[in-house]
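S.K.: Take the sequence shown: its position 220, counting from 1, is numbered 224 in this note's numbering, and each next residue is one higher.
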Amino acid sequence: MAKNQLPDDFKPPPDHFYKGIRMPAQMPAASLDAAREMEIRDDDIWVVTYPKAGTTWGQEITSVIMEGGDIEKVKKTPLLERVPYVELGPIDQIPATHKFVDAMPRDVPRLIRTHVPYDLMPKQWHEKKPKTLYVARNPKDTAISGWQFTKINYYLETVENFSDFFPKFIEGDVIYGSWFDHNLGFWQHRHEPHILFVKFEDMKKDLKGQMIRIADFYGRPLPEDKIEECVEHCTFDKMKKNPMSNYSAAPFLDHKKGTFHRKGEVGDWMNYFTVHQNEMFNSLFEEKMRGSGLTFDFEL
5 MAKNQLPDDF KPPPDHFYKG IRMPAQMPAA SLDAAREMEI RDDDIWVVTY
55 PKAGTTWGQE ITSVIMEGGD IEKVKKTPLL ERVPYVELGP IDQIPATHKF
105 VDAMPRDVPR LIRTHVPYDL MPKQWHEKKP KTLYVARNPK DTAISGWQFT
155 KINYYLETVE NFSDFFPKFI EGDVIYGSWF DHNLGFWQHR HEPHILFVKF
205 EDMKKDLKGQ MIRIADFYGR PLPEDKIEEC VEHCTFDKMK KNPMSNYSAA
255 PFLDHKKGTF HRKGEVGDWM NYFTVHQNEM FNSLFEEKMR GSGLTFDFEL
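Here it is in C-alpha cells:
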C-alpha cells in the first residue's frame with residue numbers, strides 16, 4: 005500500500021515477542037524462524053546493527069566496497085535490493101524477504117542486513133562464520149533516533165514524548181530488545197576473524213580510515229584512485245540526498261513528519277535528555293559496561 009493510500013485512522017499492527025524480545029509486526033515469528041534456519045553461504049557479507057545505529061551507513065559502505073568503488077553501479081539499485089533486510093516479513097503483496105535472499109545469485113557474494121541479536125543469528129551463521137560488519141552507536145543518540153523514528157514509521161506505535169520512551173529504552177522494552185545486550189553480544193566476539201566491530205562515532209571522526217579498514221576486512225581493498233570519491237559518496241549528507249539510500253519513496257514512512265535520515269550527529273542526545281535522565285543513564289551504563297572494555301564517545 006502506497007504511503008498516500010493509508011487511511012487517516014491507520015493503526016500499526018501490534019508488536020509481538022519472539023524468544024523474549026519485542027519485535028515489530030513486520031517481523032513475524034514465521035519470518036524470524038525462517039531466517040534462523042536459512043542456508044548460509046561461505047561468501048556472504050552481513051551487516052548487523054541495533055536499530056538506528058548506523059545501519060544504512062554500513063550498508064552503503066559495504067555496497068560501494070563490494071562493487072569495487074563503482075559509484076555509478078551502486079546508484080542504479082535501491083538499498084533494500086542491494087542489501088535486503090532478511091527478517092522482514094510479507095507486506096501486502098510483497099513476499100517475506102528471506103525468500104528473496106534465498107534466491108539471490110550464487111556467482112557473487114550476497115549482502116544481507118539484520119537487526120537480530122547475536123544469539124538469534126541464523127544457526128548456520130554461527131557455524132560457517134561469514135564476514136560480518138557490526139556497526140555500534142552510543143546508546144544516548146541511538147535512543148533519540150529510535151524515539152524519533154516512532155513518529156514517522158507507520159508500522160511503529162508513535163511515542164510523542166521522550167519522557168515516555170526513555171524508561172522503555174533503558175528497560176529494553178523496545179523493538180529488538182536491550183541495547184546493552186545487543187551490543188555486548190557482538191562485542192564479546194569482536195576478536196573472532198569473521199566479525200568487525202565498528203563504531204558510528206569513529207566513522208564520523210575518520211570516515212576514510214574506517215572505510216579502508218572495512219574494505220581490508222572484506223578482502224576488497226578500494227582502488228587508490230577511487231577512495232576519495234567513495235568516501236564522499238558515503239558521507240551522511242550525500243546519503244540523505246541519495247534516493248537510492250534515503251528511503252524517500254518508502255511506503256512505511258510518513259514523509260510529511262520527517263525523513264529517514266534525520267541528523268546523523270554525535271551528541272544530539274544533549275538536546276533531549278534531562279539532567280536526571282542523563283544521571284540515571286550514566287549510572288546504568290557504568291553498571292552494564294563494567295569490565296567489558298566497551299566505551300563510546302558521547303560527543304565530538
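All C-beta atoms in this analysis are idealised placements derived from N, C-alpha and C, irrespective of residue type, glycine included.
Nothing here was measured: the structure is a model prediction, and the numbers come from that model.
Looking at Met70: is its Cβ nearer than 8 Å to the Cβ of Tyr222?
M.R.: Position 66 of the sequence shown, counting from 1, holds the residue named residue 70. Position 218 of the sequence shown, counting from 1, holds the residue named residue 222. Closer than 8 Å, so yes.
S.K.: Less than 7 Å between C-beta atoms, sequence neighbours within five positions excluded: which residues of the same chain meet that for Trp151?
M.R.: The residue you call residue 151 lines up with position 147 of the sequence shown. The answer, listed in chain order, is Val163, Phe166, Phe169.
S.K.: DSSP state of Lys155, grouped into three classes?
M.R.: Position 151 of the sequence shown, counting from 1, holds the residue named residue 155. Lys155: helix per DSSP, three-state reduction.
S.K.: Buried or exposed: which applies to Gly58, given that a residue is buried once 16 or more other Cβ atoms fall within 10 Å of its Cβ?
M.R.: The residue given as residue 58 occupies position 54 in the sequence shown. Gly58 should be labelled buried.
S.K.: Quick one: residues in its chain with C-beta nearer than 8 Å to the C-beta of Ser35, no 5 flanking neighbours on either side, listed in chain order?
M.R.: Here residue 35 refers to the residue found at position 31 when the sequence shown is read from its first residue. Result list for Ser35: Glu91, Leu92, Gly93, Pro94, Ala100, Thr101, His102, in chain order.
S.K.: Hey, quick one: how far does the beta strand (DSSP E) through Arg117 stretch, first residue to last?
M.R.: Counted from its first residue, the sequence shown places residue 117 at position 113. Note, Arg117: beta strand (DSSP E), 115-118.
S.K.: What is the residue span of the alpha helix (DSSP H) that Ile65 lies within?
M.R.: Numbered from 1 along the sequence shown, position 61 holds the residue referred to as residue 65. Looking at the DSSP string, the run of the alpha helix (DSSP H) that includes Ile65 is 59-70.
S.K.: Quick one: using the 10 Å Cβ neighbour count with 16 as the cut-off for buried, is Lys144 buried or exposed?
M.R.: As a first step, residue 144 is located in the sequence shown; it is residue number 140 there, counting from the start. Counting Cβ neighbours within 10 Å, Lys144 comes out buried, since at least 16 surround it.
S.K.: Kindly identify the DSSP beta-bridge partner or partners of Met243.
M.R.: Taking the first residue of the sequence shown as position 1, residue 243 is located at position 239. Bridge partners of Met243: none, in fact.
S.K.: How do the region 130-141 and the region 232-241 stand: do at least 3 beta-carbon pairs fall below 8 Å, yes or no?
M.R.: no
S.K.: Between the C-alpha atoms of Asp210 and Val78, what's the straight-line distance to the nearest angstrom?
M.R.: Translated into the one-based positions of the sequence shown, residue 210 becomes position 206. Translated into the one-based positions of the sequence shown, residue 78 becomes position 74. One C-alpha to the other measures close to 22 Å.
S.K.: Val97: buried (16+ other C-beta within 10 angstroms of its C-beta) or exposed?
M.R.: Position 93 of the sequence shown, counted from the first residue, corresponds to residue 97. Correcting the residue identity first, residue 97 is Gln in this sequence and not Val. Answer is exposed; the Cβ neighbour count stays below 16.
S.K.: Consult DSSP for Val163 and reduce its assignment to one of helix, strand or coil.
M.R.: Reading the sequence shown from its first residue, position 159 is the one you call residue 163. Val163: coil per DSSP, three-state reduction.
S.K.: Just how far apart, CA to CA, sit Asn286 and Ala107?
M.R.: Walking along the sequence shown from the start, residue 286 turns up at place 282. Walking along the sequence shown from the start, residue 107 turns up at place 103. Distance between the alpha carbons of Asn286 and Ala107 is about 45 Å.
S.K.: Whole angstroms is fine: what's the gap from Phe201's alpha carbon to Tyr138's?
M.R.: Residue numbering aside, residue 201 sits at position 197 when the sequence shown is read from its first letter. Residue numbering aside, residue 138 sits at position 134 when the sequence shown is read from its first letter. In a straight line, the C-alpha of Phe201 is about 5 Å away from that of Tyr138.
S.K.: For the beta strand (DSSP E) containing Thr136, name the first residue and the last one.
M.R.: Stepping through the sequence shown from its first residue, residue 136 is reached at position 132. It spans 135-140 - the beta strand (DSSP E) in which Thr136 sits, taken as one unbroken run.
S.K.: From Asp220 to His280, what distance separates their C-alpha atoms?
M.R.: Counting from 1 along the sequence shown, the entry for residue 220 is found at position 216. Counting from 1 along the sequence shown, the entry for residue 280 is found at position 276. The straight-line gap from Cα to Cα measures roughly 43 Å.
S.K.: Given a threshold of 16 other Cβ atoms within 10 Å of its Cβ, counted over all protein chains shown, does Phe21 qualify as buried or as exposed?
M.R.: Here the question's residue 21 lines up with position 17 in the sequence shown. By the 10 Å Cβ count, Phe21 comes out exposed.
S.K.: Secondary structure at Leu288, three-state DSSP: helix, strand or coil?
M.R.: The residue labelled residue 288 in the question sits at position 284 within the sequence shown. In the structure shown, Leu288 sits in a helix (DSSP, three-state: H, G or I).
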